[in-house]
Structures are given as structure tokens and as C-alpha cells.
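One structure below.
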Amino acid sequence: MMNYFPDEVLEHVFDFITCHKDRNSVSLVCKSWHRIERYSRRRVFIGNCYSISPERLIARFPGVKSLTLKGKPHFADFNLVPYDWGGFVYPWIKVLAETGIGLEELRLKRMVVSDESLELISKTFVNFQSLVLVSCDGFSADGLAAIAANCRFLRELDLQENEVDDHRGHWLSCFPESCTSLVSLNFACLKGEVNLGALERLVSRSPNLKSLRLNRSVPLDTLQKLLMRAPQLVDLGIGSYVHDPSSEASNKLKHAIQRCKSIMSLSGFLEVAPRCMSAIYPICGNLTTLNLSYAPGIHGNKLTKLIQHCRKLQRLWILDCIGDKGLGVVASTCKELQELRVFPSDPFGAGNDAVTEEGLVLVSAGCPKLNSLLYFCQQMTNAALITVAKNCPNFIRFRLCILDPVRPDPVTNQPLDEGFGAIVQSCKRLKRLSLSGLLTDQVFLYIGMYAEQLEMLSIAFAADSDKGMLYVLNGCKKLRKLEIRDCPFGNAALLEDVGKYETMRSLWMSSCEVTLGGCKTVAEMMPSLNVEIINESDQTEFNLDDGQKVDKMYLYRTLVGHRKDAPESVWILGDLTRSEHHEPSLNDMIQDMKLKNVSGDDDFIIWESNNFKLQGNFSVYGYNPFIFFFHPVVGLGVVASSCKELQELRVFPSAVFGAGNDVVTEEGLIRR
Amino acid sequence: MEKGCSKNVESCPQLLDLIPQEREWHHVKRGDGCSEEKKLELRLGPPGEDNWRDESLLSLGYFSSSMKGNGKQTHEFPRPEDHRPVGSVLSTPWGKNHHQQQTKTCSSFLQFPSTTAPPHSLPVMAKESSQPCCNKAVDLQDSERKAFKPPANTAVPLNTSQKRTAPGPVVGWPPIRSIRKNLASNSSSKQASDSPSVDPPNEKPAAEPNGKGQFVKINMDGVPIGRKVDLKAYDSYEKLSTAVDELFRGLLAAQRDSNKKEGEKAIMSVLIGSGEYTLVYEDDEGDSMLVGDVPWHMFVSTVKRMRALKSSELPALGLGSSKQGKMKPWNTLPP
Chain A
1 MMNYFPDEVL EHVFDFITCH KDRNSVSLVC KSWHRIERYS RRRVFIGNCY SISPERLIAR
61 FPGVKSLTLK GKPHFADFNL VPYDWGGFVY PWIKVLAETG IGLEELRLKR MVVSDESLEL
121 ISKTFVNFQS LVLVSCDGFS ADGLAAIAAN CRFLRELDLQ ENEVDDHRGH WLSCFPESCT
181 SLVSLNFACL KGEVNLGALE RLVSRSPNLK SLRLNRSVPL DTLQKLLMRA PQLVDLGIGS
241 YVHDPSSEAS NKLKHAIQRC KSIMSLSGFL EVAPRCMSAI YPICGNLTTL NLSYAPGIHG
301 NKLTKLIQHC RKLQRLWILD CIGDKGLGVV ASTCKELQEL RVFPSDPFGA GNDAVTEEGL
361 VLVSAGCPKL NSLLYFCQQM TNAALITVAK NCPNFIRFRL CILDPVRPDP VTNQPLDEGF
421 GAIVQSCKRL KRLSLSGLLT DQVFLYIGMY AEQLEMLSIA FAADSDKGML YVLNGCKKLR
481 KLEIRDCPFG NAALLEDVGK YETMRSLWMS SCEVTLGGCK TVAEMMPSLN VEIINESDQT
541 EFNLDDGQKV DKMYLYRTLV GHRKDAPESV WILGDLTRSE HHEPSLNDMI QDMKLKNVSG
601 DDDFIIWESN NFKLQGNFSV YGYNPFIFFF HPVVGLGVVA SSCKELQELR VFPSAVFGAG
661 NDVVTEEGLI RR
Chain B
673 MEKGCSKNVE SCPQLLDLIP QEREWHHVKR GDGCSEEKKL ELRLGPPGED NWRDESLLSL
733 GYFSSSMKGN GKQTHEFPRP EDHRPVGSVL STPWGKNHHQ QQTKTCSSFL QFPSTTAPPH
793 SLPVMAKESS QPCCNKAVDL QDSERKAFKP PANTAVPLNT SQKRTAPGPV VGWPPIRSIR
853 KNLASNSSSK QASDSPSVDP PNEKPAAEPN GKGQFVKINM DGVPIGRKVD LKAYDSYEKL
913 STAVDELFRG LLAAQRDSNK KEGEKAIMSV LIGSGEYTLV YEDDEGDSML VGDVPWHMFV
973 STVKRMRALK SSELPALGLG SSKQGKMKPW NTLPP
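Residue numbers (this note's numbering), protein chains in the order written: chain A, 1 to 672; chain B, 673 to 1007.
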């Protein structure tokens, strides 16, 4: 009973499977699928760059063309992580370059990217096409110049919210005349000036350009010229938008804008004079994405008038100066709205213009498709949250930030437990949740009970005791990332179930009650975790007493042991002599197998399936409706001969199998 | 009247009754509103002590082991009880102080910055503690609390590598990226100049709120931690240079000596004046300029950030690239 299809056929079938989780599952089916899948994998996603090494990545996926890497923990966005914590991309580029990988796409988030890395990329990977950097730092315009100059087939250069030293801004001029392949160019986050003439010429010779996001330094007349040259744009980020509506320049701009009938996404307005917004009304009707969150200059009537033109909006990012009334306009206009983000325009100030629970309720009532929310507000009530939960049961992401972190319901003075409880109970698909306001352990009980799909949870200034954290760890089976700050969770919670952390990508705890001793215990019990203590205070003061409370702890699962690039302020606990594990072959590992809970959904452990370590249940299931024959018997044979500790075996049929197809035959069972 | 949150609760506030009559809560009416609401009612036991032992209520496995005998409560999170006026100054949690506090104290916020917001009364915890829906008995904490003053005045980001006893904004709160933090202040100058003229007004240097001090970042070669200096506090280059000396003297000393002797012995007392370091700055056009060329007021209006370079390394400026993995000078600090 062999596999009837030659490898190429299976490979072709696998091409249709693009989601990395699905590919992970496919690779677990049997040895030959594992082999075929790994050679045919082109895109790899690594959620934590320290969980695996570039060498092992390449050993498993020698054909990788597109790599996504994430570095620093999420709270680095809010200055909670030292600048030199880590997340360097250079070692990855170096190894990829040395092993002759034909890298074409690189997406990095919260990583340190040096100019050397960019130069190496540009000179090594001949077919390099796409560079997306989000919240990265460490590079300057020189690195960008190298990319521009050397990547002959560059399609995409997308810089989002990076810290770039671009005081020498000649990188744009480095695109050679022969470069005509650009599809996406986003340099909105750069602070310096660019060569406007070079920009115009570049746009002129890029007929495929669909996305262009300018920075603040690009003035209006250049914008107008660019639009005249690129009426095919789909996504536009305006830099400077200051003009006199009655001027000739303004008329020309209006004309240029009107020619751009394909624009569906609009952002920027980094400098804006609100009287001029009427010029863009003609394109508002097509917009599906509008990001005005960097434009505090647009508010009040001008803002609401603008929004009233945007009937097709699906994603809206704005500042809270829109006010509750403005959100009412959104609710009545944008019936297709799916994602709303309301940022604080004045985070430390009086917030007179800010939004409250009323605005949110209005939007929830008017926009039934709403599924993603990030909402900074002055206050929130349980009643409002309950109403929102009823109106919008489809939330996938719900992030609420009340600017006063422990503010109770102002009407009842109660904590917001019931309100958030209603959200998790109603929104069965909730994957990401951020809490704020006054919260007790109760809300975590609700989360543990109801938030079955929850993957990421952010907690700050909440809870009364360890129970809170325990409810979550025990209840949320799909939890991948947990980040906690300023909560009274201590060692009891941390140590209750350390095995859980291996099923997660990472855990962050800062200003909690965990002690050095507690963290050490985790490190000793779980060699597959890196437990990092970040201590930014004067080191002579932080004594090594186990009872000392830890300011910041960050732990994450890894297959490659302690990282070698941690700065002085970061201590990695555990056996310091532990070195990188030698990667066993699939054969070795199967011989060695113990069975543990591995479900097909678990992204990481399956992805790096060399670390099976299974005990208890071994679930195998066929997946894809294109697959007509599935022979787990082969796999079962292997399992039977090796897994003497096997207690339970579940084999699930795939959807396509009817009565006639034998998934598991007696043969397999008898062997067992 | 609908049932309460759970059968055990005497006086749990009716969630739906919280909706005041005069407000129209726009909630989508479905077919049978009544059963919908019932479905959404959270039928859980209240967090009263005794109910935790009811294992049939909760299927969470760990309960049987850890929650008996009142559970392991290593910590009782303090409730903000007393009112403290906004603006009271307490020591910060960072560094040494944090670890020395008694274990029961965690950061609790009495009243977070909203000086001009309507005076919502602080949570009256006595009332809360009698309601089972809320928390267990309140442990009144007399110990240190932290109240955080609205940082409207200072706006200096808390540098956790230094011990500070002055209060400051909570680091990392609200959770927004630094890029977003100063939008309003930057824009106020724009709005004021929303005039037919196309000339952009002078950008605010160093992105600090208006009128309260002009803080610019300053880094020194060889010192990974930068400082911020308030240019409004000085009126001449000499004073500035002295101030910069003092700012970095301590840091340089700490770096150069492992044992703490007086910094002055290890380094020259005047860094800038003696010529060992040279001050440069980045102006609003992004160019690196030598400090001292233009009149002071012109300097102040165009400076964005500053740097003290080792004079011996001046010729190497702008050439070559930084070491692998190391930050470029302007990026030594997170924003």
C-alpha cells in the first residue's frame, strides 16, 4: 500500500496550501509528506527569531524564498524593552547568504536591522524583490541606498513606523534608471528630505506602481505631479497637504486626484490644512481604508464631512479628536466597517475631545461587520461593553485602552469585569484581547471560561491575586502570547503549569510579583524555554537573592538554547552550558518518540517537528480535499514500532473520505 | 425583573438596569430579546470566598488542588482607598524602591492624569466590598502608593537606567508608540498657521509640548545612554556646555571606573570647553551643524537634537559604516 502519487503531484497539490499552519499540519502526516512539504516550502514565518536558528531553518527548508521574522517582544513598542535587547537580523542574512539561499522576500518586525544587513541583502540575493520593515531600527539612509541601487528587481520597499537615521537622504536617487519594477514604495516614516526630482522620475518609470506612501517632506506640488504620473495608484499616503483651496496649485491637485480612480486606501496627511480636504472628496467614495491617525489637524466638522463621503470604508484609523459625535457619523455612514482604531491625540492631557463609551456603542450599533477594534478612551462602562458585545459578536481583535489604567465604570464605580466578560462570552472567535480599567480576578475567570480561541492577551494593572493568571493559563487552550505588566501575579501562578509555556510562543511579565527564584525554577524545569530577566537598574543593586522581585521577565520557547547576543542588562537563566541541540533526523526522532499532546493546530511545535516529544495522544488527520488517498498506515507502522508507550491513538478522517476509502485498516491496527 | 447574575448573589447590580433611561443605547434588537439577554448573562458564581469550593460550578482542574482552604493567595492587590489629591509626589517604583516595597503593595493608581476632566469620584471601595460581584474583602493599604502626576509639565520620558525620585509618567502607558505621543503638540502649531500661506511654520524642535520647556536629546560618544536637556533653561552656549558636561560626567565616570571614585579625577572636569568633545546638533533641515556658529536664539529655534562627539574622531564623521549590530549614533536610544 504505497503512495500512488509521484512526489511532483503531491508537491503540486501542496502548492495550494499556503497558510503556514496548514503546511505545518501537512508535514506531520507521514514521512514522505514531511519530506515533500519541506522541499516545496517557499514561505516561512518565524514568530520569534530566537526560537530557531538560521542554520536549522535552512536545513529544513532549503527552498525558502520568503522569510518573516519577528524580534523584540511587543512591549518594546512602548519603551519597556532596552534598546539593545536583541533581535538582530544580520546573523540571519549572513547564514542565508553563505548557504546560497535565493531569498526574494524579507519581512521583519521589531528587529534591529543594520546597514550592513541591508547591503548584504542587496548584493547577495540577485532576485530580491520585497523588503518590508515594521517597527525596526538600526539602519540609516545608507542601507536604503544600497537596496535601491542593487536590487534590480525590487518590487516592494515598505517601511512602516521604523526609526531611521535618514539625515543624508539621497537614497531615492540611488534607484537606477533601469529600475522599473516597483509596485510598492512606502517611506512615510522617514523624517528627512528626499530628492524630489528623483522621486518624480522614479514614479514616472514605474508603470506597475500601486502603492505610494510619501513622507512629510514631499510638498504639494510634487504630490500633484506624482499623481499625474501614477493615476493607477491603489494606495496613497500623502505627506504634506497644505495649500490654499482657492489657489491654482489646489485646482491642479484636484484635477490630479480626480484622475486616480483606483485609489482605495488613503493615509498620511502628516502635515495638513483642514480647509483643503474637499479636494479629496471625489475619491472618498471608493475608499476601503482610511488612516488619519497621524493627522490631528483634521478634526471637527472637516473630519466628519470627509467621513460622510466614505461609504465603503472597511478600515478606519483615526484620532480621538473625532469625538463621540464623530463616531456617530462613522456609525451611520460606514456600514461596511470591519476595523476601527481610535488613537489618543493627546495621551497625557485633558482629553476634552476624546471619546467615551458612547462613541463605541454607536459604532457597534451602526457597523455590524465590525470585527477588529483598538480603542483608546477616557472611560468605559459595563453597560456599554455589554451592549457592544450584543451588537458585534464577531470580534476577532478587541483591544480597549482606558487612559486611566485602573478606572472603574464611572457610572457604577464597579470594575469592568462584567463588561469584558460579556465580550468574551459573546465573541466566540476572539483571538486577541487587551484589557484595561479597573479589573479584578473575576474577569480572568470569564476569560478562562469563554475565550476559547484566544491567542494573545495583554493585561495591565489588573487582578487581585494569582488566581487571575491561573484562570487564563488553565482556560485558554490556544493561548500563544501572554503579556502582563503591573499585576499581582507571583510565583504561585508562574509555576503552576510550566509545561503550558511550551505550548505558547512567549510570556512577558513586568512589575509583577515573580521573584528571581521563581524564574530560576521555570528555567530549570523547562530546558526548552529561555527565561530572560531584564534588569535595567544599576546592576550592583540587583542582588542575586532568589527572593528578589524581578522587574521584567520574558520567556519563550526555543529549540536552540540560550542566545549569545544578549546585552548586559539581560540575564538568561538556567544551565548556561546548555548548547544548541543537534538536530536529529526524522528517523532518529521517531525512534526516540514519546507521545504528548500535539494537535494539528499548534503552529510552532509542529512546524519544527523534529522536536516531537509526544506523549499521550497522537492525532493524525488528513487535511486537504485535493488529497484523495491518504495512507496513514505507513505512518502508523512507524508509530507502532517505535512508540511503546503509546496509550491512545486517534486517527481522524479527512472531510472527503466516505465509506469506501479506508483510512485506517485492520492491518494498521493489528500491527499495533 | 430579570434574574441576577447568579443565584447566589444578593445584590449584584443588574447589568441591564445600569443603562439609564434617558440614554438611548443603540442596541440591535433581535427576535427574542429576552432569551438573548439571558444567554449573555454570565451565570457564574460570584467571587465570594465560599463559592470557590463549588467544583460543580467550575470545571477548571486546578481548583480542586489549589483553591481548597481559601486557596493560595500570595497577594492581595490593594484597592485604592484613600483619596489623594492629584499631584502628590511619591517615589517611583523603578529601581531600588520597587523591590524594597512590601510584597503586598503593587502599583495602584488613585487618579491618573486628567486634571481638567470632570471630577469623577474615586472608586468608593467600602461600597464595593459589600457587593459580591466585586472583590473580596479589601485590604486597606497604608503603605506606599504611587500617584502619577500628569506629565504635562515635565514630559521627560522616564529613563529607567537612572534612579529618580521625582514622579513621572508611567513608562509605557498609555500603550502607544512614541511616534504617536506628540502629535497634538506638533499639530497645534500647524493649526494656528492654517492660513493661505504655504510656508510651513517652524517645526517644533524635539517634539515637546509648547511653553513648558524645550527638551532636546543629547548623546555623547561612547555613552550609550543619552540625556535630555532643557534649552529654555540656558541663554548662552557657555551655560549649555557646562550643563552638558555635568550631565555626562557621572555617566562617563561610571563607565570608566569600576570602583566609584570621584568622577572628576578620572576625566577632565570640563569636557566640552577643553576640547575633548565637540558639540554638534541636527537642525530642522536634518543637517549636522557645529554648535556655536549662529546666535543663541537662532540655534534654539532650529535645533532638533544634539551630540557630543569626540573631537579626535571628527574627521571620521560621515564616513564608513557602523559596526555590525551596533546602532548608528542617532539611534542609540529608543525614542
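Where is the CB? At the ideal position from N, CA and C, for every residue including glycine.
Only those residues of the region 52–75 of chain A whose C-beta falls short of 7 Å from the nearest C-beta of chain B are listed: PHE75.
Assignment of GLN453/A by DSSP, reduced to helix, strand and coil, places it in the coil class. Its Cα nearest to that of SER140/A, the residue ASP115/A stands out among GLN160/A, TRP85/A and ASP115/A. Within chain A, the residues HIS167 have their CB atoms less than 8 Å from the CB of SER960/B, given in chain order.
Looking at the DSSP output, LEU157/A bridges to LEU131/A and LEU185/A. The beta carbons of ARG849/B and PHE78/A sit closer together than 9 Å. In the three-state DSSP reduction, ARG979/B falls in the strand class (E or B). Fully enclosed beta strand (DSSP E) runs of no fewer than 3 residues occupy 66–70 of the region 52–104 of chain A, in order along the chain. For GLY547/A, there is no enclosing alpha helix (DSSP H), as DSSP marks it with neither H nor E. Take HIS243/A, set aside five residues on each side of it, and the residues of its chain with a beta-carbon closer than 6 Å to its own are LEU220, ALA249, SER250 and CYS276, in chain order.
Look at ILE280/A here: in three-state DSSP terms it is helix. Contact of GLY844/B with chain A is assigned, a C-beta pair being separated by under 9 Å. Proximity of the region 16–23 of chain A to the region 53–67 of chain A falls short of the contact definition, fewer than three beta-carbon pairs being nearer than 8 Å.
Exclusion of the five residues before and after CYS151/A leaves SER122 and PHE128 as the residues of its chain whose Cβ lies within less than 7 Å of its Cβ. Around the beta carbon of GLY922/B, fewer than 16 other beta carbons lie within 10 angstroms, which makes this residue exposed.
Taking each of GLU452/A, CYS321/A, LYS325/A and GLU119/A in turn and checking the Cα distance to SER345/A, the smallest one comes out for CYS321/A. At a cut-off of 9 Å, the C-beta of ILE851/B has a neighbouring C-beta in chain A. Below the 9 Å Cβ cutoff, chain A contributes ASP77, PHE78, PHE343, PRO344, PRO347, PHE376 and CYS401 as neighbours of ILE848/B, in chain order.
A distance below 9 Å separates the beta carbons of LEU516/A and ILE533/A. Taking all protein chains shown into account, HIS969/B has fewer than 16 neighbouring C-beta atoms within 10 Å of its C-beta and is therefore exposed. Proximity of chain A to GLU954/B at the Cβ level (cut-off 8 Å) is accounted for by HIS167, in chain order. Under the 9 Å criterion on CB atoms, LEU923/B is classed as non-interfacial with respect to chain A. When Cβ-Cβ separations below 9 Å define contact, LEU981/B makes no contact with chain A.
Distance from the CA of ARG107/A to the CA of SER240/A, rounded to the nearest whole angstrom, comes to 28 Å. Going by DSSP, GLY239/A is part of the beta strand (DSSP E) stretching over 235–241. TYR450/A counts as buried, since at least 16 other C-beta atoms from the protein chains shown sit within 10 angstroms of its C-beta. Among the residues facing chain B, SER372/A is not included, as its CB has no counterpart in that chain under 9 Å away. Per DSSP, the beta bridge partners of ASN291/A are SER267/A and TRP317/A.
At a Cβ-Cβ threshold of 9 Å, GLY86/A and ALA523/A do not count as neighbours. Contact check for VAL64/A against ARG35/A fails: the beta carbons are separated by 9 Å or more. Against chain B, a Cβ distance below 9 Å from GLU8/A picks out nothing, because the smallest value is about 42 Å. Only buried fits TYR471/A, as 16 or more other CB atoms lie within 10 angstroms of its CB. Contact between the region 361–369 of chain A and the region 415–432 of chain A is absent: fewer than 3 CB-CB pairs across the two stretches fall below 8 Å. Counting C-beta atoms within 10 angstroms of its own C-beta, PRO410/A has 16 or more neighbours from the protein chains shown and is therefore classed as buried. Cβ-Cβ distances below 6 Å link ASN215/A to PHE187, ALA188, LEU190 and GLY239 in the same chain, with the five nearest sequence neighbours on each side left out; the list follows chain order. The beta-carbon separation of VAL329/A and GLN308/A, rounded to 6 Å, stays under the 8 Å limit for a contact.
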